[in-house]
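Engineer: Mind having a look at this structure? Questions to follow.
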Amino acid sequence: MITYNKAATATMAAVIVLSAGAAGATAWKFATDNAKANQPVDHFRQRVNAINSQADQMQAETIIIGDSLTEFARIDSLCGGAVLNAGISSASIQDTSRWAGELIERSKAKRVIFAIGSNNAKNHLAARPVDEAMKTYRQIITNAKGRDIAIATLPAISETREGFKASYIDDLNAGIRTLAAEVGVPVVELDQDLPTIDGIHLTADAYKIWRAQMGTVCKV
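In terms of mature numbering (1 follows the signal peptide of the UniProt record, and there is no 0), the sequence shown is residues -22 to -1, 1 to 198.
This is the structure:
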């Protein structure tokens, strides 16, 4: 029969890391000697830290600020200069307003492309007026003044994708185009039915189109 030393067991720490899917991208740590055992690690905060660290390690000419569609993209250069991928899974327009300004100042990048808004089509955010999101978006753009700025429309989301109101994307895209015209910045047109792996995240072939559309800013 196997017996256990309870005192020793109580002091042991076990760390289990589970990778979440594309939508959540959340890691979990469990430690028996940690007062915050069983608490989720904040991917948003970790990703911001990673982006800031990379910004300090390079001189990016372009920053692309987005959500998981950007985070999953492979894009090393644009218009002949280095690109900092500043995508954060699950980030909304409101989330982006909390950290984008500091990154832009820190990096001293010449160009900033905003590709945000898909997560605003999540059911709990889609209940809010588009004008509310656009007001926040306008402030984000204002805070990035002094750079070449472009903003991207959003790819369609499948009607079968759970947790999202797919039709809200049309309203957001209308708001993005209006905002772009009002503040005088070019639009990167991603408003099309790009192939997806799960109703929202893009396939490798779709990213060829995504990268080509990002390249349209080089002609401005």
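Each residue gets a CB set at the ideal place from its N, CA and C atoms; glycine is no exception.
If I follow the unbroken alpha helix (DSSP H) through residue 199, where does it start and stop?
Structural biologist: Since the first residue shown for the chain is -22 and the last is 198, residue 199 is missing from the structure and cannot be characterised.
Engineer: Judging by CA-CA distance, which residue of D171, H21 and L103 is the nearest neighbour of P133?
Structural biologist: Looking at the Cα atoms, D171 is the closest of the given residues.
Engineer: Nearest-angstrom Cα distance between A152 and I43?
Structural biologist: Distance between the alpha carbons of A152 and I43: 20 Å.
Engineer: Apart from the five residues on each side of it in sequence, which residues of its chain come closer than 6 Å, Cβ to Cβ, to V195?
Structural biologist: Cβ within range, chain order: A128.
Engineer: Could you say which of S136, I119 and E83 lies nearest to I94 if we only look at CA atoms?
Structural biologist: Comparing Cα positions, the closest option is I119.
Engineer: Can you give me the C-alpha to C-alpha distance between G177 and A159, rounded to a whole angstrom?
Structural biologist: Their backbone Cα atoms lie some 29 Å apart in a straight line.
Engineer: Measuring straight from C-alpha to C-alpha, what distance separates G65 and T48?
Structural biologist: Taking the straight line from one Cα to the other gives about 5 Å.
Engineer: So for S136, helix, strand or coil by DSSP?
Structural biologist: Looking at S136 - three-state DSSP - the assignment turns out to be coil, as it is neither helix nor strand.
Engineer: What number of angstroms, rounded off, separates the C-alpha of S68 from the C-alpha of A87?
Structural biologist: For S68 and A87, the distance between alpha carbons rounds to 24 Å.
Engineer: Across which residues does DSSP place L180 in a beta bridge pair?
Structural biologist: L180 pairs with T174.
Engineer: Considering only C-alpha positions, which residue in the set Q191, Q117 and A182 is nearest to R52?
Structural biologist: Measuring from the Cα of R52, the nearest candidate turns out to be A182.
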